[in-house]
Amino acid sequence: MDMQVGISVSAVLGIVIVLRLMRRTEPRSRFDEKLSAFLCVAFGVLIAATPWGHAILRLAGIAARATH
């Protein structure tokens, strides 16, 4: 029997982002900040087309309308 395990790139990227954000608060280099920003943007692009991404977009729209 062949068993295949699929790992979603967006799931792995999400885990990497969470692990990076859980680190202690300390001064970070510009490269570290740029890498964090790039990872978050890449994660956003990957989940944008998914139902989960659409739900986040709807919630962000509701929150934006509520603040006006």
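Numbering-wise, numbering that gives the first Met the number 0 puts 54 at position 55 of the sequence shown, and it's gapless, one number per residue. Virtual Cβ for every residue (Gly too), placed ideally from N, Cα, C. On a predicted model such as this, the values are computed, not experimentally measured, just so you know.
8 Å Cβ cutoff, residue i in contact with chain C
i	result
His-53	The structure shown contains no chain C; it is built from a single protein chain.
Residue i: first and last residue of the uninterrupted alpha helix (DSSP H) it sits in
i	result
His-53	50-65
For residue i, three-class secondary structure by DSSP
i	result
Glu-32	helix
Ser-9	helix
Arg-23	coil
Ala-47	coil
Proximity below 8 Å, CB of residue i to CB of residue j
i	j	result
Val-17	Leu-38	no
Ser-105	Leu-34	Summary: the structure shown does not reach residue 105, with the chain confined to residues 0 through 67, and so no result is reported for it.
Ala-41	Leu-20	no
Residue i, buried or exposed, once every other Cβ within 10 Å from all chains shown has been counted against 16
i	result
Phe-30	exposed
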